[in-house]
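Numbering (the working numbering), first residue to last: 512 to 909.
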């Protein structure tokens with residue numbers, strides 16, 4: 512691999528650099544770009560980065576740099592990707608890829624036309640619970656996936672630009688919905704085309720022009736449904752939860768807020784009582800729910816391991832710029848649906864999956880057992896659909 516340039520010195524740049532420097536590999540951040548001299552110098556000192564600059568081009572074209580990591584506000588992604596493509600540097604971009612599908616498609620084209628590697632840094636599909644659950648789904652553990660619900664809620668983002676709809680491209684949907692949509696796509700299957708959306712959004716609490724709360728249903732060609740709930744109005748920390756329902760099984764995953772580790776503190780235990788416990792936790796007293804290691808719990812370690820290994824071995828990563836483009840197209844449809852108050856088609860001009868969905872069910876001529884239930888007396892009740900369509904009950908001895 513080699514050295515990396517980190518573009519951005521905010522919370523995400525810090526998470527990324529902490530993760531990269533904790534891996535036992537030669538991959539290190541050798542230069543950091545910041546729009547502020549002071550933030551850049553502080554970041555350089557805090558993370559042991561050799562160089563800092565306020566010139567984005569200088570960071571990308573640094574001769575020691577082979578790969579660029581973008582941790583910038585959404586409105587700066589395209590400019591950074593264009594420079595990487597021009598100077599033939601591999602690029603890893605934080606979520607969302609663009610502020611909309613058009614912007615994301617342009618970035619995808621820049622990467623593919625230049626022949627550089629483009630990785631989409633969707634960390635929440637790399638959490639340990641997600642990877643374990645996804646492997647279970649792919650081995651048929653839940654049967655055919657029918658419905659995926661993903662929820663991300665907290666009290667609001669950490670930097671001012673998130674609250675500026677022009678810079679960010681929207682509010683809670685563009686910030687959090689991108690995570691939830693890609694979680695559902697992975698469970699349902701990326702070859703299953705997302706076809707239409709029904710979305711509600713509102714600004715319930717904050718004095719901003721963008722939404723701070725939204726709920727949406729995303730329908731796929733197979734008939735599967737992805738559902739997301741996102742909010743900047745939730746109090747008590749960051750709630751990351753996923754549910755998967757299949758024809759043969761169910762998954763419940765509590766990824767962050769309540770994971771089994773619980774502390775209580777009066778908050779009067781000394782100078783360190785106000786220290787960081789978990790991302791977006793609002794208090795340092797009372798019952799606390801800490802993350803054991805954010806870089807693992809939030810997927811960063813597995814994500815960067817996949818990305819850097821993919822570059823080294825010349826393969827595609829789990830998450831590519833194309834995935835980021837599809838996510839942006841789905842979010843565009845969410846905004847259109849909320850405005851029109853109806854189901855809206857998802858417009859993916861460059862769909863690369865199958866044109867037709869696989870058949871959802873195969874017609875059978877024999878009787879079909881729709882449900883088998885053990886009764887309190889030990890007998891078994893069967894609900895059966897007969898060959899002529901009539902639904903009947905049958906009791907059998909155990």
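Glycine residues also receive a C-beta, built at the ideal position from the N, C-alpha and C atoms.
Only residues of its own chain outside the window of five on either side were considered, and among them 544, 545, 546, 547, 548 and 551 have a CB closer than 8 Å to the CB of residue 565, listed in chain order. Linking residue 638 to residue 901 through their CA atoms gives a straight-line distance of about 46 Å. The C-alpha of residue 666 is placed about 32 Å away from the C-alpha of residue 617.
In the structure shown, residue 649 adopts helical secondary structure according to DSSP, grouped into three states. Where residue 761 is concerned, the enclosing beta strand (DSSP E) starts and stops at 761-765. DSSP, read as helix, strand or coil, puts residue 715 in coil. Relative to residue 745, the option among 725, 756 and 730 whose CA is nearest is 725. Residues of the same chain with a CB within less than 8 Å of the CB of residue 750, apart from the 5 flanking positions on each side, are 662, 663, 664, 665, 767 and 768 in chain order. Between the alpha carbons of residue 831 and residue 737 lies a distance of about 20 Å. When DSSP assignments are scanned along the segment 783-848, the uninterrupted stretches of alpha helix (DSSP H) that are 4 or more residues long and fall wholly within it turn out to be 805-808 and 811-824. Under DSSP, residue 604 shares a beta bridge with 581 and 631. Distances from the alpha-carbon of residue 642 to those of 811, 719, 845 and 903 put 811 closest.
Distance from the CA atom of residue 540 to the CA atom of residue 518, rounded to whole angstroms, is 10 Å. Straight-line measurement puts the Cα of residue 858 at about 8 Å from the Cα of residue 706. When the five nearest sequence neighbours on each side are left out, the beta carbons in the same chain lying within less than 8 Å of the beta carbon of residue 583 are those of 518, 519, 591 and 605, in order along the chain. The criterion of a C-beta distance shorter than 8 Å is not satisfied by residue 668 and residue 839. Under a 10 Å Cβ-count criterion, residue 674 is classified as buried, with 16 or more other Cβ atoms of the shown protein chains found around its own Cβ.
With three or more CB-CB distances shorter than 8 Å, the segment 707-722 counts as touching the segment 679-698.
According to the DSSP secondary-structure assignment, residue 514 is paired through a beta bridge with 539 and 576. Using a C-beta cut-off of 8 Å, the segment 529-540 makes contact with the segment 807-821, since at least three inter-stretch Cβ pairs fall below that distance.
DSSP places residue 750 within a strand segment (E or B) once states are collapsed to three. The beta-carbon separation of residue 516 and residue 579, rounded to 5 Å, stays under the 8 Å limit for a contact. The three-state secondary structure of residue 745, taken from DSSP, is coil. Take the alpha-carbon of residue 903 and the one of residue 886: they are about 17 Å apart.
For residue 724, the uninterrupted beta strand (DSSP E) segment begins and ends at 724-731. Excluding sequence positions up to five before and after residue 882, its CB lies within less than 6 Å of the CB of 894, all in the same chain and listed in chain order.
Cβ-Cβ separation between residue 694 and residue 636: approximately 6 Å, consistent with a contact (criterion under 8 Å). Annotation for residue 567: 518, 544, 591 and 594 place their beta carbon closer than 7 Å to its own, counting only its chain and skipping 5 residues before and after.
Three or more Cβ pairs closer than 8 Å define a contact, and the segment 749-764 meets that threshold against the segment 647-657.
Going by DSSP, residue 891 is part of the beta strand (DSSP E) stretching over 891-896. For residue 776, the enclosing beta strand (DSSP E) starts and ends at 774-776. When secondary structure is reduced to three states using DSSP, residue 757 falls in the strand class. In this structure, 755 is the residue among 755, 727, 717 and 576 with its C-alpha nearest to the C-alpha of residue 659.
For residue 679, the enclosing alpha helix (DSSP H) stretches over residues 676-679. Per DSSP, reduced to three states, the secondary structure at residue 770 is coil, with no helix or strand assignment.
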